[in-house]
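Under my numbering, the first residue of the sequence shown is numbered 308, with each subsequent residue one higher.
All C-beta atoms, glycine included, are put in the ideal place defined by N, C-alpha and C.
Only a predicted model underlies this, so the values are computations on that prediction, with no experimental measurement involved.
Notes to accompany the following structure.
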Amino acid sequence: MLIGLVRESVMQCFCHTCRAPIPAAAVHRRNIPITKVKTKPRTNQPKRVQFVTTEVRCQEKTRGGVRYEVILGEPEVKAAPPKKPLSPKNSVSVQDIEEKLKAAEERRQQLESSKIAALSAKMQKIEEASRKKDEQTTQFITATRDALEQKMGTVTEKREAYISDLKTKLKDHIENVEKTRLSLEQQTDEVRTAIEEKLKTATIQRDENLKKMLERLKEHEKHAELVRQNKAVLAAKAPSSG
308 MLIGLVRESV MQCFCHTCRA PIPAAAVHRR NIPITKVKTK PRTNQPKRVQ
358 FVTTEVRCQE KTRGGVRYEV ILGEPEVKAA PPKKPLSPKN SVSVQDIEEK
408 LKAAEERRQQ LESSKIAALS AKMQKIEEAS RKKDEQTTQF ITATRDALEQ
458 KMGTVTEKRE AYISDLKTKL KDHIENVEKT RLSLEQQTDE VRTAIEEKLK
508 TATIQRDENL KKMLERLKEH EKHAELVRQN KAVLAAKAPS SG
């Protein structure tokens with residue numbers, strides 16, 4: 308079937324001005340239903356080749372099939388586009404050159420002015436940023452110093468208050484110690500006085516007791532002497548009476 312289609316396409320003229328008769332076998336094969344034939348997997352196809360116009364001159368039947376003559380047409384040659392005619396150069400005068408130089412100088416001056424202005428603006432921004440940074444640094448230093456002074460003042464106040472409280476407590480303790488010492492001294496004096504009075508009383512009583520004992524001894528001596536005298540008198544009287 309494919310051979311018939313190819314043969315039919317070849318037998319016809321590409322310009323469709325003339326048509327060659329189609330054999331009956333091709334017509335018969337055209338009516339056969341197309342069936343899919345399993346083929347090998349498709350591979351990369353080569354690049355398409357540009358066909359040139361062909362023309363069939365004659366055909367002749369043979370035993371094996373149909374013999375035909377194909378004449379290839381001449382390849383088409385694309386004509387090159389016509390070149391544009393070159394325009395003649397315009398003559399430039401000295402005045403035009405001076406004006407162009409003057410304009411270029413003005414543009415250069417404007418560019419330099421814009422560069423200087425941009426540089427000035429940039430320097431101004433840098434100075435402004437430096438000034439702001441210095442202000443921020445000064446503010447930070449001032450705030451830090453104030454906070455430190457306030458903290459030191461608070462610490463000093465607390466220290467002074469602590470020292471004052473400690474002095475007050477120490478003074479109260481010293482006063483209490485002094486009161487205790489005075490009280491102890493007073494108690495000691497009282498005890499000493501009481502002891503001295505007791506010793507004095509004991510001495511007086513002892514002296515009185517000694518006097519009493521001496522008086523008793525004297526009385527006892529007197530009584531013993533009287534008893535001795537009485538015994539002696541009695542002893543003297545006893546032999547005379549016998």
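Own chain residues within Cβ distance below 6 Å of residue i, not counting five before or after
i, result
"residue 542", "none"
Span separating the alpha-carbon of residue i from that of residue j
i, j, result
"residue 464", "residue 472", "12 Å"
"residue 429", "residue 439", "15 Å"
"residue 513", "residue 488", "36 Å"
"residue 457", "residue 419", "56 Å"
"residue 539", "residue 529", "15 Å"
"residue 477", "residue 485", "12 Å"
"residue 493", "residue 475", "26 Å"
"residue 532", "residue 523", "14 Å"
"residue 408", "residue 433", "37 Å"
"residue 519", "residue 526", "10 Å"
"residue 461", "residue 435", "38 Å"
"residue 427", "residue 410", "25 Å"
"residue 444", "residue 454", "15 Å"
"residue 506", "residue 491", "22 Å"
"residue 470", "residue 451", "28 Å"
Contacting residues, own chain, Cβ-Cβ under 8 Å from residue i (five flanking each side not counted)
i, result
"residue 509", "none"
Beta-carbon contacts of residue i that lie in its chain and below 7 Å, excluding the five residues immediately before and after
i, result
"residue 396", "Caution applies to residue 396, whose pLDDT of 49 falls short of 50 and renders its modelled position unreliable; the value that the coordinates give is listed next. Excluding positions up to five away in sequence, the list is empty."
"residue 406", "none"
The ligand FMN heavy atom lying under 6 Å from the CB of residue i
i, result
"residue 527", "Questions concerning the ligand FMN fall outside what the structure shown contains, since it holds no ligand whatsoever."
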